[in-house]
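Residues in the sequence shown are numbered consecutively from 2, following this note's numbering.
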Amino acid sequence: ALTIRLLNILSGLHDQFDIQVTLVTTPAVARRVSGSYGKSVEVFDFVQPHEFLQKCLRADFVLGAPGVSSVERTKLGIPQLLFSVADNQLRLGESLGELDVAVYGGDLRTLAPADIKARIIKYITEPLLTFDASLGRLMFDFHGPARMLQALAPAEEVSCSIRLANLSDGPT
Numbered sequence: 002a003l004t005i006r007l008l009n010i011l012s013g014l015h016d017q018f019d020i021q022v023t024l025v026t027t028p029a030v031a032r033r034v035s036g037s038y039g040k041s042v043e044v045f046d047f048v049q050p051h052e053f054l055q056k057c058l059r060a061d062f063v064l065g066a067p068g069v070s071s072v073e074r075t076k077l078g079i080p081q082l083l084f085s086v087a088d089n090q091l092r093l094g095e096s097l098g099e100l101d102v103a104v105y106g107g108d109l110r111t112l113a114p115a116d117i118k119a120r121i122i123k124y125i126t127e128p129l130l131t132f133d134a135s136l137g138r139l140m141f142d143f144h145g146p147a148r149m150l151q152a153l154a155p156a157e158e159v160s161c162s163i164r165l166a167n168l169s170d171g172p173t
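Right under this line is the structure:
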């Protein structure tokens with residue numbers, strides 16, 4: 002339902018922007034939306050990781066949810082506007098936004114369609130939000146694990162240390 006909401010909002014922006022959406026989703030959602038939005042929405046129900054990466058690298062920006070893929074896009078310096086769609090994505094979205102390596106638009110479940118549309122338009126048009134996405138690459142220097150820990154769980158919330166993996170860490 003959230004994907005359909007987002008597609009409806011994006012399709013309503015065609016009069017203002019030249020938008021081509023590439024949607025990578027589940028087979029069930031792909032069946033529901035294929036052909037519903039004309040040629041402006043290309044739907045894939047599965048892509049190989051290298052294909053997904055190629056699509057992201059060709060895009061002006063990626064609109065997605067905070068998660069593993071957003072961390073991968075951060076590493077590659079791909080501009081992204083993030084909206085949470087689940088409770089476990091809230092903190093990562095906020096953290097990546099606070100670190101200025103992505104723009105966090107909020108929780109898609111609680112935003113009105115007009116607010117979502119306004120945030121997408123603001124991301125596209127305002128120079129203040131077109132930050133240097135390549136800053137995300139700095140999170141993956143020799144201090145990368147500590148920086149990722151900072152993004153995922155700020156110091157005031159967790160206490161832990163980082164060490165090299167041991168053979169005994171794996172399954173027996």
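Backbone N, C-alpha and C define an ideal beta-carbon position, used for all residues, glycine too. Treat the numbers as computed from the prediction; the structure is a model and nothing was measured.
- If you look at residue 86, you'll find it isn't in any beta strand (DSSP E); DSSP assigns it neither H nor E.
- By alpha-carbon distance to residue 101, the top candidate from 12, 83, 120 is 83.
- Residue 124 is bridged by DSSP to nothing; it lacks a bridge partner.
- Per the C-alpha coordinates, the member of 37, 18, 16, 19 positioned closest to residue 6 is 37.
- The three-state secondary structure of residue 102, taken from DSSP, is coil.
- By the Cβ neighbour-count rule, residue 71 is buried, with 16 or more other Cβ atoms within 10 Å of its own.
- In summary, residue 115 is exposed, with fewer than 16 beta-carbon neighbours lying within 10 Å of its beta-carbon over all protein chains present.
- Per the coordinates, the alpha-carbon of residue 67 lies some 31 Å from the alpha-carbon of residue 169.
- The continuous alpha helix (DSSP H) containing residue 8 extends over residues 3 to 12.
- For residue 64, the enclosing beta strand (DSSP E) stretches over residues 63 to 65.
- One Cα belongs to residue 94, the other to residue 80, and the distance between them is close to 14 Å.
- Checking the DSSP bridge columns, you'll see residue 22 partnered with 42.
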